[in-house]
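Here is the structure we will look at, set down as structure tokens.
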Amino acid sequence: MSVHATARLRAEPDGRGSTALPILESAGPLALRRTRSPLPERARVTVVGAMSAPLDGDRLAIEAEAADGAHLTVDAAAATVALPGARSATGPSAYDIHLTVGERATLHWLPEQLISAHGSHLHQTTRVELAATARLLLREEQILGRHGESTGALTTRLTVHRAGRPLLDQQLAYGPGASGGWDGPAVLGGHRAVGQLLLSDPSFEDAPMPARLLGPTAALTPLAGPAVLVTAVAADARLLRAILDEAMYDLLDGLKANHGS
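As numbered in the working numbering, residues 1 to 261 make up the sequence shown, in order.
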């Protein structure tokens, strides 16, 4: 039997310089836990997997909102593994993420890797709505197959709107059923880990960043708006995380320097 579940959370200022979580609703395999944040003004929520999911046929979703003036970090306790379901399962599994960031609010969306196990079939969509003065740091990582196995069928789509206008719309597809060449030298070149790091900050309007390479398998691209996108491929999850972490810390340090803090 397939699982249909939607977890929800909302962060908002508590009036005392911190961020409260008036809505924190777990569902099915998506358990949400408030965890300690290193910053007193920022709330932190960790997604804890309560069961094996998603399996083929499952429909899972997370809806997260950082209301006006709120500061929120969402991370995960472990990787998400897309698995093949029972023979009776109908269609691929779906994992839908909807993020909303209000005026002067900050959201750091930092889940662990998504692993596409052999024989699985997953469609993941991430939709983000940013207010004009919102700040977003978002990381996505896809690992194509567990150790020693080929990948499942995986399609991901990341759509971001800022102040009602498109900022980014990117779709990627891997494995059985994907267009030819997805694993060729012009795309993955034999790598099996791929990731994206998106940083949107209003300060980029006055000081846009130039496009540049970040080593042999990563690049930074400015978007048509106050945002930059880092894309990277690597041989495995560990190397991919190292590339994205280095890019993330460099970008955040640059923002701190520009803000004079």
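Just so it is clear, CB atoms sit at the ideal spot from N, CA and C, and this is done for glycine as well.
At the C-beta level, histidine 121 and glycine 152 come within 8 Å of one another.
Within the same chain, Ala7, Arg8, Leu9, Leu32 come within 8 Å of glutamate 25 by CB-CB distance, once the 5 residues on both sides are set aside.
Collapsing the DSSP output to three states places aspartate 183 in coil. Taking a cut-off of 8 Å for Cβ pairs, the stretch 63-80 and the stretch 96-109 touch, as three or more such pairs fall below it.
Rounded to whole angstroms, the gap between the alpha carbons of leucine 198 and proline 216 is 19 Å. Serine 93 is bridged by DSSP to Leu122. Using a C-beta cut-off of 8 Å, the stretch 125-137 makes no contact with the stretch 177-193, since fewer than three inter-stretch Cβ pairs fall below that distance. Minimum Cα-Cα distance from alanine 247 among the listed residues Ala224, Leu137, Trp182 corresponds to Leu137. Take the alpha-carbon of glycine 254 and the one of alanine 227: they are about 13 Å apart. For valine 233, the uninterrupted beta strand (DSSP E) run begins and ends at 227-234, by DSSP. Under DSSP, the beta-bridge partners assigned to glutamate 140 are Gln196.
Residue pairing by DSSP puts aspartate 75 in a beta bridge opposite Thr46, Leu110. Arg162 is the residue among Gly195, Gly177, Arg162 whose C-alpha sits nearest the C-alpha of proline 202.
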